[in-house]
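What follows is a set of notes on a single structure, which appears directly below.
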Amino acid sequence: MDAEKQEVLERQGYRIVGEHSGVKLCHWTKASLTKGVGCYKQTFYGIESHRCLQMTPTVDACNLACQFCWRTQEWGSDSLLLADDPAMIVEDSIRAQRELLSGFKGNPNVSGERFLEAWHPTNVAISLTGEPTLYRRLGEMIDEFQRRRMSTFLVTNGTTPAALRRLHSEGRLPTQLYVTVAAPNEAIYRKLVVPKSGHEWEKLKETLALLPTLPTRTVIRHTLVEGWNLGWEDEYAELDRRA
């Protein structure tokens, strides 16, 4: 990654790992440390938010240009030519998280016990920015996290069913897999999600049909934007039934 891009991302709170990965503290990680409150993963799955690592292996690679995306798309690419070593990504992501956490050590609202717990994450949210399934060694990275007894939550835009099949065949599916469905039909999809090639809508439907065959927990996530994709309940329901 070039120095200019890295400088901009670090000003936004990222820590860059290797050539194409990144870490950023989640709002709920900070809230859990300072206020003892957590996100839905803590409520429903018992994952303590201050022990959750938010990262991506594709900090500037995505095959969509969603209108609602608040992440930087200025330098984005739709492919990932490099593939850093998965073990390095995992180790350096944990190290980067600790650097970001270091400023909380002297905070009077953060107990020493909770700070030390945060030093040792138990879950990784592979999302943050970009499309993680574009990283071709994703299965190995998931394996590296799980070897460290961390649960793995993977978020995908659903346009790479082949990558999910590969994770399945390798026996490296995440603990929980999220697929974002941000449009009820192809016309809205093209206007709102802005795919960079012509086949993503069909690939998304292929992914939805694949989900029931995957031996892991799966979630459909609808990103709804007023004036764009609210409504169309029957069409959303039809898509959800595929999954």
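Going by my numbering, the letters in the sequence shown line up with residues 25 to 267, in that order.
Beta carbons are placed, not taken as given, at the ideal position from N, Cα and C, and that holds for glycine.
Look up residue 246 in the DSSP assignment and give the residues it is bridged to. Counting from 1 along the sequence shown, the entry for residue 246 is found at position 222. Its beta-bridge partners are 205.
If we count the other Cβ atoms within 10 Å of its Cβ and call it buried at 16 or more, is residue 193 buried or exposed? For the purposes of this step, residue 193 is identified with residue 169 of the sequence shown, where counting begins at 1. Exposed, since its Cβ has fewer than 16 Cβ neighbours within 10 Å.
Starting from residue 39, follow the alpha helix (DSSP H) in both directions and report where the run begins and ends. As a first step, residue 39 must be located in the sequence shown, where it is residue number 15. It is not in any alpha helix (DSSP H) - residue 39 instead sits in the beta strand (DSSP E) that spans 39-41.
Bridge partner(s) assigned by DSSP for residue 275: Because the chain here runs from 25 to 267, residue 275 falls outside it and cannot be looked at.
Select from 258, 233, 250, 253 the residue whose C-alpha is nearest the C-alpha of residue 267. Here residue 267 corresponds to residue number 243 of the sequence shown, with the count starting at 1. Out of 258, 233, 250, 253, 233 has the C-alpha closest to the C-alpha of residue 267.
Residue 112 (DSSP reduced to helix, strand or coil): Here residue 112 is taken as the residue at index 88 of the sequence shown, counted from 1. Helix at residue 112.
Since residue 177 sits in a beta bridge, which residues does DSSP pair it with? The residue given as residue 177 occupies position 153 in the sequence shown. In DSSP, residue 177 forms a bridge with 149, 200.
Validate contact between the segment 222-229 and the segment 178-191 using beta carbons, cut 8 Å, 3 pairs: yes
Ignore the nearest five residues each way along the sequence and tell me which others in residue 114's own chain have a CB closer than 8 Å to its CB. Taking the sequence shown and counting its residues from 1, one reaches residue 114 at position 90. Result list for residue 114: 165, 168, 169, 172, in chain order.
For residue 261, which option in 91, 205, 124, 154 has the closest C-alpha, if you only look at C-alpha atoms? Taking the sequence shown and counting its residues from 1, the one referred to as residue 261 is at position 237. Here the closest residue by C-alpha is 205.
CB contact flag (residue 107, residue 160, <7 Å): Here residue 107 refers to the residue found at position 83 of the sequence shown. Here residue 160 refers to the residue found at position 136 of the sequence shown. Cβ atoms of residue 107 and residue 160: closer than 7 Å.
Got a sec, what are the start and stop residues for the beta strand (DSSP E) residue 79 sits in? Taking the first residue of the sequence shown as 1, we reach residue 79 at position 55. Segment 76-80, the beta strand (DSSP E) holding residue 79.
Per-residue DSSP class, three states only, for residue 85: Within the sequence shown, residue 85 is the residue found at index 61, counting from 1. Of the three classes helix, strand and coil, the one that applies to residue 85 here is strand, per DSSP.
Quick one: grab the DSSP three-state call for residue 171. Here residue 171 corresponds to residue number 147 of the sequence shown, with the count starting at 1. Of the three classes helix, strand and coil, the one that applies to residue 171 here is helix, per DSSP.
Could you say if the segment 128-135 and the segment 35-48 meet the contact criterion of at least three C-beta pairs nearer than 8 Å? no
Simplified DSSP state of residue 214, which is helix, strand or coil: Taking the first residue of the sequence shown as position 1, residue 214 is located at position 190. Three-state result, residue 214: helix.
DSSP state of residue 241 mapped onto helix, strand, coil: As a first step, residue 241 must be located in the sequence shown, where it is residue number 217. In the structure shown, residue 241 sits in a strand (DSSP, three-state: E or B).
Quick check on residue 116: buried or exposed, where buried means 16 or more other Cβ atoms within 10 Å of its Cβ? The count along the sequence shown starts at 1 and reaches residue 116 at position 92. Burial call: buried.
Contact defined as beta carbons within less than 8 Å: I believe residue 154 pairs with residue 84. What is the distance between those atoms, to the nearest angstrom? Taking the sequence shown and counting its residues from 1, the one referred to as residue 154 is at position 130. Taking the sequence shown and counting its residues from 1, the one referred to as residue 84 is at position 60. Indeed they touch by this definition, with Cβ atoms about 6 Å apart.
For residue 73, I'd like the list of residues in its chain whose CB is within less than 6 Å of its CB, leaving aside the five on either flank, ordered along the chain. The count along the sequence shown starts at 1 and reaches residue 73 at position 49. 52, 53, 56, 62, 63, 66.
In terms of residue numbering, what span does the alpha helix (DSSP H) encompassing residue 229 cover? Here the question's residue 229 lines up with position 205 in the sequence shown. 224-234 is the extent of the alpha helix (DSSP H) around residue 229.
For residue 191 and residue 199, I'd like the C-alpha separation in whole angstroms. By 1-based counting over the sequence shown, the position of residue 191 is 167. By 1-based counting over the sequence shown, the position of residue 199 is 175. Cα-Cα distance, rounded: 12 Å.
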